[in-house]
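First up is the structure itself, then whatever we jot down about it.
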Amino acid sequence: MIDISIFIRSGLVTLESAKEITITAANNFGGDIVSALLASGQTEEKVLAVLSTEYGVPYVIKEPNEIDSSVFPFITETSAREYSIIPLSFNEGVLEIGVLDPNLEDLRDAVRFIGENKNIAYKIFIISPRLFKAILARYGGVDNITDDVLEHDKKKNFESEDILTISNNEIKPVDVTATKEDAPMRRVLSTIIRDAISMKSSDVHIENTGEAVRVRYRIDGSLQTKTTLPISAATSLVALVKLNAQLLLDEHRKPQDGGFSVVFENRKVDLRISTLPSYYGEKIVIRILDTASGIMNIESLNLTKEHLEIMRGALTKPYGLILITGPTGSGKSTTLYAMLSELDRETRNIVSLEDPVEYHIEGVTQSQVHASIGYTFASGLRSILRQDPDIIMVGEIRDRETAELAIQAALTGHLVLATLHTNNAVGAIPRLIDMGIDSYLIAPTLIMSVAQRLAHTFANESTKKAVPIPESVLEMYKKSTDDVPDIFKAKLIPAENIYEPIITPTYPTGLSGRMPVFEMFLIDKEMEHLILSNPKEDEIYKLARSKGMFTMKEDAFQKVFAGKIPLKDVYSL
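Take 1 as the starting number for the sequence shown in our numbering and just add one per residue.
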């Protein structure tokens, strides 16, 4: 076991602090000094660098989602646990292995045996306990689910992998089976959910194709097939999900919605369940609401300097309506949360109405609507107005009643933030008018309209390469901005190069994660007068352009020139 004296000699800790760390390690981490050091505030880089110098072994810092599960078969789960080692990658015949303690007895013999047994070269790296635990939790993932698990594993007891749900605000196991013979299916569901969370999926699709059960994860906006289960698993897997979500097991003819929560790496993750009758049986979609991803702030939205000024200026208004528009899955809720995090939550009463509550924000009273019991956005908004709010967030304006209440709240001294389904920022005004809202109410209340989409980002600096900007791209950008006054275009000089993704074994597309691209404009006196005339969308567009509004595609172009997103994403906007 790694000794604290290593870190004392390096100067990373003092004798006095070493005593506290040793006690913490003994009491909370089973004697693991490294975990105790990290818990005390030391960074992974500093701690691993000391170990690297001490043992002459390089270290590596990775995120769990950077490890492709295809390397797991190189090291069995038993070996991983016994020797505290995990496979990291396999490149050009070399297996990279992560170790917690390079000085562990029998470690090198075990690694050497693995290399000789697989007839491959290997290289070891020191890793953090965080990475080790996260990867170990993924063993037995969906990529390894086979008929053996479903048909021949029934003698094993998988009670430690039970799905956990929330009941009366307490986390407890749900007894979803009557006998241990059904435990393998519980293991399958637990594995699917665990892998989806660790891969930062937003949704899981479980569907019967008539020949098999296809399991797909939505990662960075795209669905990816992760495993195919035998057709015999369909009925019991669907029933198990419905049972956990407290849905009707004998109802197969109409859609149902429900949800439950699981515990993953000592945190609660909420799951929203939707069932849909289909030709071959019910399809299940699981929406994953993982609070561990945290609340973004405005700076992390990658706004341009001009957009940042517009958004912060709008949030300083004492009352009025701010609209965020876009289709489902365009990141509207994330932007709203980022805006809420910018506001004063200590001296102002901030209340939100959401469906569902995706992330919990300290200092904000968050309420979840339940249409099945009559608690809708409209009825909830009426109740919120009796709660003495200063700022109100409405998850979505879906109908005329909700729109009218939001407008009235904005007129009576409240700052209201809400989302609306439109294709672009200027479309928000005609949409409200189509809902039956009088233009004379919209003009004095609307502060700002924002539209957004999500574009893919490069995984890291090593997965992108610079290439000269094609002349056709420059021409396209210049033509797109022809109607923007020169005073605004003067700040937007394209760089000499753009970047293309580099494909790596860890990142098959060279991309990972997404960032928003925006278009937005403020409502000034001239725009107010135009709104009063019940304008067409193109009239609003022309006025907004004359005041420097850039479209989402043009914002994407600017992020391409800045090396933040690939060019191909511009064409999808």
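All residues carry an ideal CB built from backbone N, CA and C; glycine is no exception.
{"Asked": "Contacting residues, own chain, Cβ-Cβ under 8 Å from M515 (five flanking each side not counted)", "Found": "L301, N302, L454, A455, T457, K559, K564 and I565"}
{"Asked": "Check whether L441 and I407 have beta carbons under 7 Å apart", "Found": "yes"}
{"Asked": "Residue burial classification, E151 (beta-carbon count within 10 angstroms, cutoff 16)", "Found": "For E151, the predicted structure reports a pLDDT of 44, less than 50, and the residue's modelled location is therefore unreliable. A value from the coordinates is still provided. E151 is exposed by the Cβ-count criterion."}
{"Asked": "Pair within 7 Å by beta-carbon distance, V517 and D555", "Found": "yes"}
{"Asked": "Selection from T335, K568, I502 and V213 that minimises the alpha carbon distance to L315", "Found": "T335"}
{"Asked": "Distance between N208 and I163 (C-alpha atoms, nearest Å)", "Found": "In this predicted model, I163 has a pLDDT of only 44, less than 50, meaning its place in the structure is not dependable; the value taken from the coordinates is given anyway. Answer to the nearest angstrom: the Cα atoms are 22 Å apart."}
{"Asked": "At least three beta-carbon pairs within less than 8 Å, the stretch 198–208 to the stretch 247–255", "Found": "no"}
{"Asked": "Three-way DSSP call (helix, strand, coil) for G11 in this model", "Found": "coil"}
{"Asked": "Stretch-stretch touch, CB-based, cutoff 8 Å, three pairs: the stretch 118–131 with the stretch 61–81", "Found": "yes"}
{"Asked": "Close beta carbons around L446, own chain, < 6 Å, minus the five adjacent residues each side", "Found": "L321 and I523"}
{"Asked": "Rounded separation between I4 and E45 - CA only", "Found": "17 Å"}
{"Asked": "Under 7 Å between C-beta atoms of K185 and L240", "Found": "The question names Lys, but residue 185 is Met in the sequence shown. Contact flag set, yes."}
{"Asked": "Given 8 Å, three or more beta-carbon pairs between the stretch 384–403 and the stretch 415–428", "Found": "yes"}
{"Asked": "Limits of the unbroken beta strand (DSSP E) element including T419", "Found": "L415 to L420"}
{"Asked": "Span separating the alpha-carbon of T376 from that of H370", "Found": "6 Å"}
{"Asked": "Identity of the residue in S222, S128 and E211 nearest M199 by Cα", "Found": "S222"}
{"Asked": "DSSP state of V50 mapped onto helix, strand, coil", "Found": "helix"}
{"Asked": "Opening and closing residue of the alpha helix (DSSP H) in which T335 lies", "Found": "K332 to E342"}
{"Asked": "Top-ranked residue by Cα proximity to E63, from V50, E82, E54 and G98", "Found": "G98"}
{"Asked": "Option nearest Y83 by Cα separation, candidates P318, I124, E401 and E362", "Found": "I124"}
{"Asked": "Alpha carbon of S10 to alpha carbon of Q42, nearest angstrom", "Found": "13 Å"}
{"Asked": "Contact set for S579: own chain, Cβ-Cβ below 7 Å, skip 5 residues either direction", "Found": "Examination of residue 579 is not possible in this model, given that the chain is present from 1 through 573 alone."}
{"Asked": "With 16 other Cβ atoms within 10 Å as the buried cut-off, status of V94", "Found": "exposed"}
{"Asked": "Beta strand (DSSP E) segments (min. 3 residues) lying fully within the stretch 188–231", "Found": "203–208, 212–219 and 222–230"}
{"Asked": "Limits of the unbroken beta strand (DSSP E) element including P129", "Found": "Per DSSP, P129 belongs to no beta strand (DSSP E); it is in the alpha helix (DSSP H), P129 to A137."}
{"Asked": "Option nearest E362 by Cα separation, candidates G380, Y337, I373 and S462", "Found": "Y337"}
{"Asked": "Beta-ladder partner(s) of G320, from DSSP", "Found": "L415"}
{"Asked": "Sequence-distant residues of the same chain with beta carbon closer than 6 Å to P430, five excluded per side", "Found": "E537"}
{"Asked": "Delimiting residues of the beta strand (DSSP E) encompassing T78", "Found": "Careful: T78 lies outside any beta strand (DSSP E), inside the alpha helix (DSSP H) at E77 to Y83."}
{"Asked": "Own chain residues within Cβ distance below 8 Å of T22, not counting five before or after", "Found": "I4, I33 and A36"}
{"Asked": "Whole-angstrom C-beta distance between V351 and P389, which should lie under 8 Å", "Found": "5 Å"}
{"Asked": "E54 to F550 span [Cα, whole Å]", "Found": "54 Å"}
{"Asked": "Where P501 falls, given that 16 or more other Cβ within 10 Å makes a residue buried", "Found": "buried"}
{"Asked": "Supposed contact pair A410 and Y319 - C-beta distance, whole angstroms, cut 8 Å", "Found": "6 Å"}
{"Asked": "Helix, strand or coil at D257 according to DSSP, with G and I counted as helix", "Found": "strand"}
{"Asked": "Same chain, Cβ closer than 7 Å to M527, neighbours up to 5 away in sequence not counted", "Found": "L543"}
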